Every structure is written in C-alpha cells, then in structure tokens.
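Contents: one structure, followed by commentary.
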Amino acid sequence: MNAFRLLADLTHLLSIIILLVKIRTTKSCAGISLKTQDLYVLVFISRYLDLFTRPLSLYNTPFKLVFLATSITIVYYMRYHKVVKQTYNKDSDTFKHYFLILPCAVLAFFINPKFTFIEVLWSFSIYLEAVAILPQLVLLQSSSNIDNLTGNYVFMLGAYRALYLLNWIYRFFAEDVVRWIPWIAGLVQTALYADFFYYYIKSWRNNERLKLP
Amino acid sequence: ADQEATHDEL
C-alpha cells in the first residue's frame, strides 16, 4: 500500500459518492450515461468474483463490496426509480456499448495472466473498464449544459486511474512489481479522459460553464 | 520483476 494507491481508491469512492449525491438530491440522472453505469456493474462483477475464492482483505474487501453495491444501486435508480428514470437522456445516450464488450472478452481470452476462469474475467474487467467511460463522454459532448456534479463525477473518475498510474510507477521502482495488463489498460483509460481534463480544467480556471466541443 | 497473478489492487 502506498499514498498514491490510497488516494486513488478514495478518489474513486468520492466519484461514486458524488454521483449518488447528484441522483438522490436532484432526483435526476440528466447527463449521466446509463450505458457507462451498466458497463461499470459488469466491470465490478467480473473483477470481484475473487471475493468468494480468495482470503478477505481488511482494505480491499470493504471497497469491493461498496463498489459493487453502489454501482448496482445507481443502475437500479436510473432504470426503475419512478422519478429518476424519467430524467434519463435516453435519446442522447446512443453509444453502442455492446460493441465494447465483445472485443474486451476476446482480448481477455487471448491476453491474461493465467488461462483460468477468474483470470480471464479479471482481464476482461480491466479492458472493459478502460473503455467504459466512452458512452458517458459521448453523452457529455451532446449535452448542452453539463451540471457541476456530473463534471466533477467524470473528473474524479478519470483522476482515480491517473493516480493508479502513479501507484504503479512507485511499485515498479519500490517493489519491483510489473503488471502489463492493468498498466496498458490504465494508460488507455486515462488517455481517453485527456480532452475532458483539458476542457474541465479550462472551465474551472476561467470560472465558466463546462462545455465539450 | 514478477507478473504475479494475485490481485492485491482494486
């Protein structure tokens, strides 16, 4: 465990809390992509199957349970909550996210640490998480005005994996640990946020509304 | 450097 890793996990948790606060306080999920949320549920389920097979960890296990519970709750709210589901931008959330699942599954089948059920699913979840934000970024581009909570949510989500990159650099030098799969997927994931980060920081510095081209 | 399969990260 190192400070980068702890800060990264807390940032990830904060992003989810921001989204839950937005949905519960405004009773609205406008600007949030249900497809991205669906993909996150898939990411967490396929990644945290080892909850049952591996020894529980005082740190990881609570986080895994919280990530699973919150991501499922968010999808539940957006699909079934009578007030919230009316505010879902169904017609602008158009990204074909199913096209993301198959390539990740095929890639996981061929590139994984060990060819076992758990490891292939774990690799699938790593690859899927890297691209899961795409429907959300596409939805933001078509949103006329992005509310602050949504902007902060996406920023924190991007920042957490960027912090993981720092954690991996630290671990490479300090603990001589090499993890190609999450490294490359994490780089791709963070790179996808590059233009969002640019416009988010620009809008924050000019104290103006966040607007994606 | 070892490519360990145990996942101690989230």
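Top line first, the protein sequences correspond to chains G and P.
Going by our numbering, the first residue of the first sequence is number 882, and it counts up by one from there.
Going by our numbering, the first residue of the second sequence is number 297, and it counts up by one from there.
By construction, the Cβ of each residue, glycine as well, lies at the ideal position given by its N, Cα and C atoms.
Please read these numbers as outputs of a predicted model, since none were measured by experiment.
With a threshold of 8 Å between beta-carbons, can residue i be considered close to chain P, or not?
| i | result |
| --- | --- |
| Trp1180/G | Since the first residue of chain G shown is 882 and the last is 1094, residue 1180/G is not available in this structure. |
| Asn941/G | yes |
| Arg1042/G | no |
| Arg886/G | yes |
| Asp974/G | no |
| Phe944/G | yes |
| Asp1076/G | no |
How big is the Cα-Cα spacing for residue i and residue j?
| i | j | result |
| --- | --- | --- |
| Ile1082/G | Pro984/G | 32 Å |
| Leu1002/G | Ile982/G | 12 Å |
| Tyr1080/G | Val1059/G | 33 Å |
| Leu920/G | Ser927/G | 10 Å |
| Phe944/G | Glu305/P | 10 Å |
| Arg1052/G | Arg1042/G | 15 Å |
| Ser1084/G | Leu1021/G | 14 Å |
| Ala297/P | Asp1057/G | Model confidence at Ala297/P stands at a pLDDT of 38, short of 50, so the residue's coordinates are unreliable and nothing is read from them. |
| Tyr957/G | Leu900/G | 13 Å |
| Ser909/G | Ala889/G | 27 Å |
| Ser1023/G | Lys977/G | 15 Å |
Closest to residue i by CA distance: which of the options is it?
| i | options | result |
| --- | --- | --- |
| Val924/G | Pro1094/G, Val1012/G and Asp1057/G | Val1012/G |
| Ile904/G | Phe996/G, Asp1028/G, Arg935/G and Pro936/G | Asp1028/G |
| Ser952/G | Lys966/G, Pro936/G and Ser896/G | Ser896/G |
| Asn883/G | Gln1070/G, Leu1046/G, Ser1084/G and Arg1086/G | Leu1046/G |
| Glu1089/G | Gly1032/G, Leu1038/G and Leu901/G | Gly1032/G |
| Val1035/G | Ser1024/G, Asn1048/G and Leu1018/G | Leu1018/G |
| Ile1062/G | Leu1009/G, Arg1086/G, Phe980/G and Tyr1074/G | Leu1009/G |
Give a yes or no on whether the minimum CB-CB distance between residue i and chain G is below 8 Å.
| i | result |
| --- | --- |
| Ala297/P | Note that Ala297/P scores 38 on pLDDT, short of 50, meaning its location in the model is unreliable and no value can be drawn from it. |
Which chain P residues sit within Cβ distance under 8 Å of residue i?
| i | result |
| --- | --- |
| Asp931/G | His303 |
Starting from the beta carbon of residue i, find every residue of chain P whose beta carbon is closer than 7 Å, and list them in chain order.
| i | result |
| --- | --- |
| Lys890/G | The sequence given here has Asp at residue 890/G, not Lys. The answer, in chain order, is Leu306. |
Quiz item: Are the stretch 1052–1066 of chain G and the stretch 1003–1021 of chain G touching by the rule of at least three beta carbon pairs closer than 8 Å?
Solution: yes
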